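Q: Numbering (my numbering), first residue to last: 1 to 136.
For glycine and all other residues, C-beta sits at the position ideal for the given N, C-alpha and C.
The structure presented is a predicted model; accordingly, all values stated were derived computationally and were not measured.
Before I ask anything, let me first share the structure, which is written out below as structure tokens.
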Amino acid sequence: MLKIRLQRVGRKSEPAFRIVLTESENSTKSGRLKEVLGSYDARKTSDLLKTDRINYWLKQGAKPTGTVHNLLVTHKVIDAKKINVLPRKSPIAKEAEPTTATPAAEAAPASAVEPSPSPEPTADQGVIESTEATEA
Numbered sequence: 001m002l003k004i005r006l007q008r009v010g011r012k013s014e015p016a017f018r019i020v021l022t023e024s025e026n027s028t029k030s031g032r033l034k035e036v037l038g039s040y041d042a043r044k045t046s047d048l049l050k051t052d053r054i055n056y057w058l059k060q061g062a063k064p065t066g067t068v069h070n071l072l073v074t075h076k077v078i079d080a081k082k083i084n085v086l087p088r089k090s091p092i093a094k095e096a097e098p099t100t101a102t103p104a105a106e107a108a109p110a111s112a113v114e115p116s117p118s119p120e121p122t123a124d125q126g127v128i129e130s131t132e133a134t135e136a
């Protein structure tokens, strides 16, 4: 399958790119390319694109890489939306909190689990109240 991709040229820390047509199995550094379709320098605004040749190869079935696709959209060679070429960030997985309740307690209604307070005082409560009453 034919790909339209970037091939890095230029000095160290001064990147410039060629836009080339190559087989998808070939490495970008192999030098085995079918045609040079333009050049791109990110630091300068001097981009050279052979739009007629790019459109020809796109009609023949060549697929541009994501970055080249966005470059062609920017220069209005093709009419499409840009593609997000950045890698997706996976969400941070939350660790499962340990549960202390038993499954039977979770299934039971709240009224059955918690005892309801009784309105009548017990014998112990009466003793405490009488002790407080005698001290006061």
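Which same chain residues, not among the five before or five after S130, have their C-beta less than 6 Å away from its C-beta?
A: Confidence is the limiting factor: at S130 the pLDDT is only 48, short of 50, which leaves the residue's position unreliable and the question unanswerable from this model.
Q: Using the DSSP secondary-structure output, state which residues sit across from Y40 in a beta bridge.
A: DSSP, once it has assigned bridges, lists F17 as partnering Y40.
Q: With three or more C-beta pairs closer than 8 Å as the rule, is the region 3-15 touching the region 59-70?
A: A contact exists between the region 59-70 and the region 3-15.
Q: Whose CA, out of K34, L71, L48 and Y40, lies closest to the CA of W57?
A: Measuring from the Cα of W57, the nearest candidate turns out to be K34.
Q: Comparing alpha-carbon positions, which option in R18, K59 and S90 lies nearest L71?
A: Closest option to L71, Cα to Cα, is R18.
Q: Can you give me the C-alpha to C-alpha distance between S46 and I83, rounded to a whole angstrom?
A: Rounded to the nearest angstrom, the two C-alpha atoms are 23 Å apart.
Q: Quick one: grab the DSSP three-state call for T45.
A: Coil.
Q: Measuring CA to CA, which of K44, R32, K76 and S13 is closest to D52?
A: Closest option to D52, Cα to Cα, is K76.
Q: Residues bridged to Q7 by DSSP?
A: In DSSP, Q7 forms a bridge with R18.
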